[in-house]
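A short write-up of the structure that comes next.
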Amino acid sequence: MNKATIIDDAITYIRELQKTSEDLSEELHEMEASSEDGGKQMETGADAADEMRECGIKEEVKVTNIDGNKLLIKIVMEKKRGCFTKLIEAMNFLGFEFGETNVTTFKGSMLLSSCLLGKFVDTLMVEQTEELFIEMIRSMKGSSECANNGSL
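Put into structure tokens, the structure is as follows:
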């Protein structure tokens, strides 16, 4: 195989991954919509906040520069319907690409840890990125429900 063939195969593979990602995203939105109609109701934001307090869990955002344009993030926030999706969409809009990502929920809280590749990490300081994530979480927390389709 020559370089042109390898690059062509890589482009084809990336397009297939993008299509799969779009399909899965649509499926997730459909599942969220259908779960609103029936099934177990998710806890309210007040219940999640109370559970977090009872367990001594506090909201937190930590950003660490790993190497060049790579950041390691750790976000602890209230578990509310749709907030995770909005957070991910906002990060993608800001030019961050997700690498290894882990999401864990416990007692009304959600822990998101991920390795991010950022287009603008060279110009953004770690503290500024951390503040940006804190502001995004505050804006979601201030909204009555994260599941609506409004912007952050």
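In the numbering used here, the protein residues as written are 313 to 464. Ideal Cβ placement from N, Cα and C applies to all residues, glycine included. None of the values given here were measured: they were computed from a predicted structure.
- Counting only residues of its own chain and dropping the five nearest sequence neighbours on each side, Glu-334 has no CB closer than 7 Å to any other CB.
- The shortest C-alpha to C-alpha distance from Thr-441 to any of Gly-420, Leu-384, Lys-398 and Ser-451 is the one to Leu-384.
- In the pairwise beta carbon analysis, the region 364-371 is classified as touching the region 384-399: at least three pairs are separated by under 8 Å.
- Of the residues assessed, Met-452 falls on the buried side of the cut-off, its CB having 16 or more other CB atoms within 10 angstroms.
- Secondary structure within the region 381-452: the beta strand (DSSP E) runs of 3 or more consecutive residues, fully enclosed, are 382-390, 408-418 and 421-430 (chain order).
- With a threshold of 16 other beta carbon atoms within 10 Å, Ser-421 meets it and is buried.
- Taking every protein chain shown into account, the CB of Ala-322 has fewer than 16 other CB atoms within 10 angstroms, so this residue is exposed.
- Checking the DSSP bridge columns, you'll see Asp-379 partnered with Lys-382.
- In this structure, the beta-carbon distance from Leu-428 to Phe-405 does not fall below 8 Å.
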